[in-house]
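Below is one structure, written out as structure tokens; the observations come after it.
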Amino acid sequence: MSSAVNIVLHEPEIPQNTGNIARTCAATGASLHIIKPMGFAIDDRKLKRAGLDYWYLLDITYYEDLDDFFTRNPEAAVYYFTTKAPRSYTEVSYPLPVYIMFGKETAGLPESLLREHLDTCVRIPMRENLRSLNLSNSVAVAVYEVLRQHDFPMQQPGSDYLTGR
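Be aware that the sequence shown starts at 4, since it is given in this note's numbering, and climbs by one per residue.
Here you go:
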């Protein structure tokens with residue numbers, strides 16, 4: 004079962020990043036899709052620690068490979084986050100439901116995949132001569148842009164604690 008926002012990790016390698024992303028999913032109601040192979044065991048202590056006690060809130064689906072992902076999600080509107088894209092992530096109007104895909108920490112998404120879907124490749128702008136942002140930070144930036152465009156449908160009511168009202 005997918006939600007309005009779906010985070011897709013292609014071959015994640017670092018358990019702490021995936022744990023942090025799981026925590027972002029719990030906070031936003033996004034579904035997490037993980038395409039194998041992973042660079043860690045799903046029961047990795049670092050993964051669980053980074054996700055804290057939110058694991059019960061997650062909707063996670065695992066896939067054997069990219070073909071399995073596309074076979075099981077044939078109608079998915081997928082946006083590919085890559086440092087190689089010509090267009091900024093803020094230049095896109097994201098539909099709901101949407102799938103935002105990120106590559107592994109050391110290599111990103113396969114270039115052949117990016118070439119096949121150039122019209123839906125986007126990047127997060129950053130200074131020249133830098134390789135990339137941390138994966139979990141990139142996911143958070145992307146998820147919150149999608150949610151902002153749709154007026155934060157998961158948002159809890161604001162608190163009057165600071166205003167005293």
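From the three backbone atoms N, C-alpha and C, an ideal C-beta is built for every residue, glycine too.
Nothing here was measured: the structure is a model prediction, and the numbers come from that model.
Query: Pair within 8 Å by beta-carbon distance, Tyr102 and Val125; Result: no
Query: Given 8 Å, three or more beta-carbon pairs between the region 114-122 and the region 147-156; Result: no
Query: contact_flag[the region 8-17, the region 89-104] where n(CB pairs < 8 Å) is 3 or more; Result: yes
Query: Three-state secondary structure assigned by DSSP to Thr85; Result: coil
Query: Length of the line joining the Cα atoms of Leu121 and Ile38; Result: 20 Å
Query: Ser135 Cβ short of 7 Å to the ligand FAD heavy atom set; Result: Of the ligands one can find in the structure shown there are none, so the ligand FAD has no counterpart to examine.
Query: Close Cβ partners of Glu67 (< 6 Å) along its chain, the five nearest in sequence each way excluded; Result: Lys39
Query: Lys87 versus Gln19: straight-line alpha-carbon distance, rounded; Result: 25 Å
Query: Which listed residue (Leu138, Gly42 and Tyr57) has its alpha carbon closest to that of Gly32; Result: Tyr57
Query: Given Thr27 as reference, the closest of Gln152, Leu138, Asn132 and Met41 once Cα atoms are compared; Result: Leu138
Query: Nearest-angstrom Cα separation, counted from Leu12 out to Val72; Result: Before going on, a small fix: residue 72 reads as Phe here, not Val. Looking at the two C-alpha atoms, the distance is approximately 11 Å.
Query: Reference Phe84; option with closest CA among Phe155, Glu108, Glu16 and Met41; Result: Glu108
Query: Integer Cβ distance of Ile63 from Tyr92, believed to fall under 8 Å; Result: Not really, about 24 Å apart at Cβ, beyond 8 Å.
Query: Rounded straight-line distance, which links the Cα of Leu136 to that of Arg118; Result: 21 Å
Query: Classification of Ala110 by the beta-carbon crowding that lies within 10 angstroms, buried from 16 upward; Result: exposed
Query: DSSP three-state assignment for Ile155, whether helix, strand or coil; Result: According to the sequence shown, residue 155 is Phe rather than Ile. Looking at Phe155 - three-state DSSP - the assignment turns out to be coil, as it is neither helix nor strand.
Query: 7 Å Cβ shell around His153 - same chain, five flanking residues per side excluded; Result: Leu99
Query: Identified DSSP bridge partners for Met104; Result: Val11 and Tyr83
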